[in-house]
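Taking it in order: structure first as structure tokens, then the write-up.
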Amino acid sequence: MTRTNYTVVTEFILLGLADTLELQITLFLLFFMVYTLTVWGNVGMVLLIKADSRLHTPMYFFLANLSFVDVCYSSTITPKMLVDLLSEKKTISFVGCFVQLYFFIALATTECILFGLMAYDRYVAICNPLLYPMLMSRTICLKMAAGAFTAGLLNSMVNTSCVSSLPFCGSNVINHFFCDSPPLFKLSCSDTWLNESTTSIFAGVNMIGALLVILTSYSYILFSIFRMRSGEGRRKAFSTCASHLTAITLFYSTAIYTYLRPSSSYSISQDKVASVFYTVVIPMLNPLIYSLRNKEVKAAFWDIITKKRILLFCDWLNF
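Counting from 1, position 207 in the sequence shown corresponds to residue 207 in full-length UniProt numbering; the numbering is continuous, with no gaps.
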């Protein structure tokens, strides 16, 4: 009986995004600025919604949850990536890798479901306005948000278990800038077909399930908008939905391309670009998308700025 000696992997090496020092420094400065804007923009959105009573509605409640998820989502990936861009040895411990993977999947799943809930909220507001106070009460909204976070955590538990239970006994070099499922599957020294199929099914159920809710909701919304006789009513309804549709399109196009395309067409360089977009860029863009086209958010923002200026002026007079 022959015994095969394996080297047990205790840490992983992340190859990252760049090979040259000049490019690493450039990317560090760029992503540091993007991450700073992400944190300020999303935290600012949460505080703005909390501070202004006009924004205490279901739509902005879900937007506040989305902003919170975006901050956590980006913070799961970006700080480690920034450190690695300035480090010679880009390592992450075995446990640290799967902790990062767990929170990444949990927050990404939660974001998918929140997009679906936001679409449902717009459907009720436009298509069933008389039932809106009952169907979107504070208690129901809290239960919906709690369900989104719970589903994200449970889905991530299954997906992370499918990856972490595999034996890693060969190379420990991950050709990526964070711990993600596809490159980790490639490092396993056993058959990964069952594990990959399981993660794909769970990812598909969550992403496609939320997407079906979005498509169904907006189908009814568009039908209702085209039946409106008032041009002003149509413009207002389109304006309310435009920012949400923009954010959904950006998120889902990159997520579906990365995780639901055939494995035969997998390209690590293309996957890295897509991953940068939905882990770093989109969390920064969401507050801009939802504020630039939203009169209520802009009004609340300028009210706070005006009040702050008045207070500063009064303090100056008292001084």
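Each residue gets a CB set at the ideal place from its N, CA and C atoms; glycine is no exception.
All values reported here derive from a predicted model rather than from experimental measurement.
Identity of the residue in the options nearest residue i by Cα
i: residue 203; options: 104, 118, 298 and 138; result: 104
i: residue 72; options: 295, 284 and 288; result: 284
i: residue 160; options: 181, 151, 119 and 53; result: 181
i: residue 9; options: 38, 298 and 91; result: 91
i: residue 276; options: 141, 258, 153 and 292; result: 258
i: residue 107; options: 119, 76, 133 and 129; result: 76
i: residue 201; options: 74, 156 and 78; result: 156
i: residue 279; options: 178, 51 and 141; result: 178
i: residue 152; options: 115, 245, 242 and 111; result: 111
i: residue 301; options: 239, 193, 70 and 44; result: 44
i: residue 40; options: 227, 242 and 74; result: 74
i: residue 251; options: 222, 298 and 281; result: 281
i: residue 37; options: 21, 57, 78 and 52; result: 78
Rounded separation between residue i and residue j - CA only
i: residue 33; j: residue 213; result: 35 Å
i: residue 85; j: residue 25; result: 7 Å
i: residue 11; j: residue 191; result: 21 Å
i: residue 138; j: residue 55; result: 13 Å
i: residue 254; j: residue 127; result: 30 Å
i: residue 109; j: residue 19; result: 32 Å
i: residue 150; j: residue 199; result: 17 Å
i: residue 291; j: residue 96; result: 35 Å
i: residue 270; j: residue 80; result: 21 Å
i: residue 88; j: residue 15; result: 10 Å
i: residue 117; j: residue 244; result: 11 Å
i: residue 364; j: residue 30; result: Nothing can be reported for residue 364, as the shown portion of the chain is limited to 1 through 319.
i: residue 299; j: residue 242; result: 18 Å
i: residue 23; j: residue 154; result: 38 Å
i: residue 53; j: residue 158; result: 39 Å
i: residue 344; j: residue 230; result: In the structure as shown, the chain starts at 1 and stops at 319, and residue 344 therefore has no counterpart that could be examined.
i: residue 227; j: residue 234; result: 9 Å
i: residue 193; j: residue 256; result: 20 Å
i: residue 119; j: residue 168; result: 41 Å
i: residue 143; j: residue 21; result: 49 Å
i: residue 223; j: residue 174; result: 48 Å
i: residue 35; j: residue 129; result: 38 Å
i: residue 219; j: residue 297; result: 26 Å
i: residue 51; j: residue 221; result: 30 Å
i: residue 306; j: residue 57; result: 23 Å
i: residue 321; j: residue 268; result: In the structure displayed, the chain extends from 1 to 319; residue 321 sits before or after that span and is not available.
i: residue 197; j: residue 274; result: 22 Å
Residue i vs residue j beta-carbon contact at 9 Å
i: residue 163; j: residue 94; result: no
i: residue 304; j: residue 63; result: no
i: residue 176; j: residue 295; result: no
i: residue 225; j: residue 237; result: yes
i: residue 187; j: residue 209; result: no
i: residue 59; j: residue 125; result: yes
i: residue 83; j: residue 68; result: no
i: residue 13; j: residue 195; result: no
i: residue 101; j: residue 148; result: no
i: residue 166; j: residue 184; result: yes
i: residue 246; j: residue 289; result: yes
i: residue 121; j: residue 136; result: yes
Three-state secondary structure (DSSP) of residue i
i: residue 407; result: There is no way to answer for residue 407, as the model of the chain reaches only from 1 to 319.
i: residue 173; result: strand
i: residue 324; result: The question about residue 324 has no answer here: the residues shown for the chain are numbered 1 through 319.
i: residue 168; result: coil
i: residue 223; result: helix
i: residue 141; result: helix
i: residue 178; result: coil
i: residue 2; result: Bear in mind that a pLDDT of 46 at residue 2, under 50, signals an unreliable position, so the number given afterwards is only what the model happens to contain. Residue state, collapsed to three classes: coil.
Whole-number beta carbon distance between residue j and residue i, since they are thought to touch under 8 Å
i: residue 66; j: residue 286; result: 7 Å
i: residue 141; j: residue 61; result: 5 Å
i: residue 123; j: residue 217; result: 4 Å
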